[in-house]
Structures are given as C-alpha cells and as structure tokens.
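Colleague:
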Amino acid sequence: MNGEETTEPAEAVAAEMRGLLQRAELGDEAVLPALRSFLDARPDLWRALSDLGRRAEEALLGLVGDNLLAREALSRRLVELKKELAGPEATAPVRLLAERVALCWLEVQLAELDAAAFRQGGPVDKSLAQEADRRLGRAHRRYLTAHRQLVLTSKLTQPGPSPVDAATPVVGGGAGGSPAAATQ
Amino acid sequence: MPWHETDGRHYFYRSEWVKGRCVRRYVGGGQLGELAAAEDDLRRIEREARRRGRQAEQELWQDAEAALAALCGLSDLVLKAALTAAGYRRHCRGQWRKRRERRGDDGAG
Chain W
12 MNGEETTEPA EAVAAEMRGL LQRAELGDEA VLPALRSFLD ARPDLWRALS DLGRRAEEAL
72 LGLVGDNLLA REALSRRLVE LKKELAGPEA TAPVRLLAER VALCWLEVQL AELDAAAFRQ
132 GGPVDKSLAQ EADRRLGRAH RRYLTAHRQL VLTSKLTQPG PSPVDAATPV VGGGAGGSPA
192 AATQ
Chain L
662 MPWHETDGRH YFYRSEWVKG RCVRRYVGGG QLGELAAAED DLRRIEREAR RRGRQAEQEL
722 WQDAEAALAA LCGLSDLVLK AALTAAGYRR HCRGQWRKRR ERRGDDGAG
C-alpha cells in the first residue's frame, strides 16, 4: 500500500534523528554538527516529509468527496496559504511547519463542516455526531500546536531584520506577512 | 419471519417495537403483502447503504488523521533538531532558550 511505502522511510529517518536528539539532550555537544548536517544534507528526510505532507493532503482532499471544483479550490488555497505562512525567504523547517499549519487549517475546516452537518441533519446516530465533535476538538488542538510551533520556529531560526530594515516602514501587506494573519 | 402461512395462504406481518416490546402487526396477503415486503426490503437496502457510506467516511477520516499525525510527529522532531542545531535547548520541557556558551570554549577573551 502507498501508506506503508511512505511511512517506512519516515520511520527510519525519525529513529535516526531521535538518536541524535537523545545524545544532544544528554549534553553531548559533539552531536550538534551531525544534527546540522542531518538537516542540511539528508534528502531522504525532506523526501519523507514531503511524502507525508502529500499523503495527508490527498487524504484530506479525499474527504471533500466527488466535488472536483471544491477539491481544486481547496488545493489552490492550500498552495497560497503555504506561501503566505512561510514568507519569501523561509528556511526549510519553517516551510515544513507552514505546510503543516495549512494542512491542519484544512482539517479544521472539513471537521467543522462535518460536525455542522451532523448538528443540522435529521435523526442521526448520536455516537457519530459525538465522534464528529471530538474530531473537531482534535483538529483544533493540532492546528493551534502547529501554529504555535511555526511562530516559535520563525522567531528563533529566521535571521532578524537589520536595524535599517526594522526602521523602514512597511507599505501594504504582501506575502511576507505574519504567520498569524494568513489563516484568519 | 414476516411471512406467515395459514391454510396454504401467505400473509405479511411487520414487527415493531412498542413500549419496549416487539409487536407483530398484520399488513395483508397477496399483492398488498408483496408490496409491503418490497418496501421493507428497499428500506433495509437504503439503511445498509447509509451505514456503509458512514463507515467509509469514518475510514477516510481515520486515514486523514493518521497521515496528519505522522506528519506532525516527524515535523516535531525536525523542529526539535533545528532548534537544537541552532544552539537552543528546552528549559524544563517548556521554553526554548539559547544555550549558554562555556567560557574559554572558543578562546575569545
């Protein structure tokens, strides 16, 4: 199955990274260059992440059903949102987290529609309606966590503006707006 | 069994729950009975189709949630790795803080 094909490399990469992080947590500073080169020079890591992202996107768009127009519109909105959230000169982790926020945003939208359909519809199985509400709660939590992490990573890993840039007034919004503004 | 045979003739009955008890109601025999039986069959098929549709939808949701959870899990690790590599450490599983450089490590005076 496609899911297994994409999960296996992701698991292998994750296990390797966990090992390096454990060493770093134990105070082994010698592991830091290895961690940097792991992030910079391991195409399989980014391939695994890209596969997972694509799989999640396909699965979420699959929930839209047979409405191809809605699917295409959502797919385009996701592309826009990822660009807006990452900004013009995003580092690879920020781009990854921007993709995660965009996908979690889509999950919240779909879960809200699903839960609303259960509330407005006629007599339904109560357990299904409760499950839809629980799913919406999970989607919200995932979205908020993803958003928090994007803001944190942008703040800590992007180079700050030079004093000249900071003093220059910004004209208009544009693609480099704050991550918080894009999904509102 | 909704069909009952009496003196060689078949009669259709419907079972309903009334005040917690199963009650059998007479519908009719002949063409009327067959019509009622076909109507019940149709309802049963519709119910089954709805149930399967809901089940398929639940499976789609499970797939989507699992895929997102996998992405979130790996991106959490990447975030942790990126911040650790950039010289941050997590203070008591909370805030990320810049790691203090030890004096004399870089030889700067």
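As you go down the protein sequences, you meet chains W and L in turn. So this note's numbering is basically just the index in the first sequence, starting at one, shifted up by 11. So this note's numbering is basically just the index in the second sequence, starting at one, shifted up by 661. For each residue, glycine too, the CB sits at the ideal point set by N, CA and C. Every value quoted in this text rests on a predicted model; they were computed, and no experiment measured them.
Mind checking if Gln141 of chain W is an interface residue toward chain L, Cβ cutoff 8 Å exclusive?
Modeller: Counted from its first residue, the first sequence places residue 141 of chain W at position 130. For Gln141 of chain W, the answer is no, since every Cβ of chain L falls outside 8 Å of its Cβ.
Colleague: Taking three-plus beta-carbon pairs below 8 Å as touching, is the stretch 724–739 of chain L in contact with the stretch 101–112 of chain W?
Modeller: Cβ pair count under 8 Å is three or more, so yes.
Colleague: Would you report the Cα separation of Ala742 of chain L and Ala150 of chain W, rounded to the nearest angstrom?
Modeller: Against the second sequence, residue 742 of chain L aligns to sequence position 81. Against the first sequence, residue 150 of chain W aligns to sequence position 139. Distance between the alpha carbons of Ala742 of chain L and Ala150 of chain W is about 25 Å.
Colleague: Based on the DSSP secondary-structure assignment, which residues constitute the bridge partners of Lys759 of chain L?
Modeller: Taking the second sequence and counting its residues from 1, the one referred to as residue 759 of chain L is at position 98. Answer is L:Tyr749, bridged to Lys759 of chain L.
Colleague: Which residues in the same chain as Leu31 of chain W place their Cβ atom closer than 7 Å to its Cβ, once the five residues preceding and following it in sequence are excluded?
Modeller: Taking the first residue of the first sequence as 1, we reach residue 31 of chain W at position 20. Excluding sequence neighbours, Leu31 of chain W sits near Val42, Ala45, Leu46 and Phe49.
Colleague: For a contact defined as C-beta to C-beta under 7 Å, what are the partners of Lys741 of chain L on chain W?
Modeller: What you label residue 741 of chain L is simply residue 80 of the second sequence in a count that begins at 1. Neighbours of Lys741 of chain L on chain W, chain order: Leu32.
Colleague: Could you tell me the boundaries of the alpha helix (DSSP H) in which Gly64 of chain W lies?
Modeller: The sequence position of residue 64 of chain W within the first sequence is 53, counting from 1. That run of the alpha helix (DSSP H) goes Pro54 to Gly73.
Colleague: Identify which residue in L:Cys683, L:Arg713 and L:Ala698 has its Cα closest to the Cα of Gly690 of chain L.
Modeller: Position 29 of the second sequence, counting from 1, holds the residue named residue 690 of chain L. When only C-alpha atoms are compared, the closest one is L:Ala698.
Colleague: Distance check for Glu726 of chain L and Gln692 of chain L, CA to CA, integer angstroms please.
Modeller: What you label residue 692 of chain L is simply residue 31 of the second sequence in a count that begins at 1. What you label residue 726 of chain L is simply residue 65 of the second sequence in a count that begins at 1. When rounded, the distance between both Cα atoms is 51 Å.
Colleague: Name the two residues that bound the continuous alpha helix (DSSP H) containing Glu118 of chain W.
Modeller: By 1-based counting over the first sequence, the position of residue 118 of chain W is 107. Looking at the DSSP string, the run of the alpha helix (DSSP H) that includes Glu118 of chain W is Ala103 to Gln131.
Colleague: Can a CB atom of chain L be found closer than 8 Å to the CB of Arg146 of chain W?
Modeller: Here residue 146 of chain W refers to the residue found at position 135 when the first sequence is read from its first residue. Answer yes: the Cβ-Cβ gap between Arg146 of chain W and chain L drops below 8 Å somewhere.
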